[in-house]
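A.B. asks: Handing you a structure now.
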Amino acid sequence: MKGVMRFGKKGKLSPWYIGPYRISKNVDKVAYELELHLELAAFHLVFHVSMLKNCLRDPSLNVPTENIGIQDNLSYEKLPVQILDRQVHKLRTKEVASAKVLWRNQYVEEATWEAEEDM
Numbered sequence: 001m002k003g004v005m006r007f008g009k010k011g012k013l014s015p016w017y018i019g020p021y022r023i024s025k026n027v028d029k030v031a032y033e034l035e036l037h038l039e040l041a042a043f044h045l046v047f048h049v050s051m052l053k054n055c056l057r058d059p060s061l062n063v064p065t066e067n068i069g070i071q072d073n074l075s076y077e078k079l080p081v082q083i084l085d086r087q088v089h090k091l092r093t094k095e096v097a098s099a100k101v102l103w104r105n106q107y108v109e110e111a112t113w114e115a116e117e118d119m
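Quick note, the sequence shown lines up with residues 1 to 119 if you use the UniProt record's numbering.
Structural data, given as structure tokens:
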């Protein structure tokens, strides 16, 4: 278990954490209202077009959102699923080992490099 992340940490609902959701109506030229699940009722339903990703045409690419595990305080546990790669960065006086980690509810393209001592 890496840690606990909060959706409201930066004040935005980042599209790579949850989705996809259907657009219910066009509010403005650059704003859309989305149909969110009941567990996400604390969020404002209107999003700017810059916060949205394009629609995934292939249904097999959709990330399931039913088992995200959001608690009442809008946080979730960031759990590692798989280590995709390892590397060692050589600094002047020490070596830092890092691993490319695939997290639960994320795509492979969104895997992050983390220090192995933090894992």
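Glycine included, C-beta positions come from ideal geometry on N, C-alpha and C.
The model shown is predicted, which means the values in this text are computed figures rather than measured ones.
When the distance is taken between beta carbons, is Leu-36 closer than 8 Å to Ile-23?
C.D. replies: no
A.B. asks: Relative to the C-alpha of Val-96, which residue among Glu-117, Val-27, Ser-50 and Trp-103 is closest?
C.D. replies: Glu-117
A.B. asks: Could you check what DSSP says for Asp-85 in three-state terms: helix, strand or coil?
C.D. replies: Here DSSP, grouped into helix, strand and coil, assigns Asp-85 to strand.
A.B. asks: Can you tell me whether DSSP reads Leu-36 as helix, strand or coil?
C.D. replies: Note: Leu-36 maps to coil in three-state DSSP.
A.B. asks: Would the beta-carbon of Glu-98 fall within 8 Å of that of Ala-115?
C.D. replies: The sequence shown places Ser at residue 98, rather than the Glu named in the question. Taking 8 Å as the Cβ cut-off, Ser-98 and Ala-115 qualify as a contacting pair.
A.B. asks: With distances taken from CA atoms, which of Pro-80, Asn-73 and Gln-87 is nearest Phe-43?
C.D. replies: Asn-73
A.B. asks: Rounded to whole angstroms, what's the CA-CA distance from Val-46 to Val-30? Just pull it up for me.
C.D. replies: 10 Å
A.B. asks: Looking at Lys-100 and Leu-79, is the spacing between their C-beta atoms short of 8 Å?
C.D. replies: no
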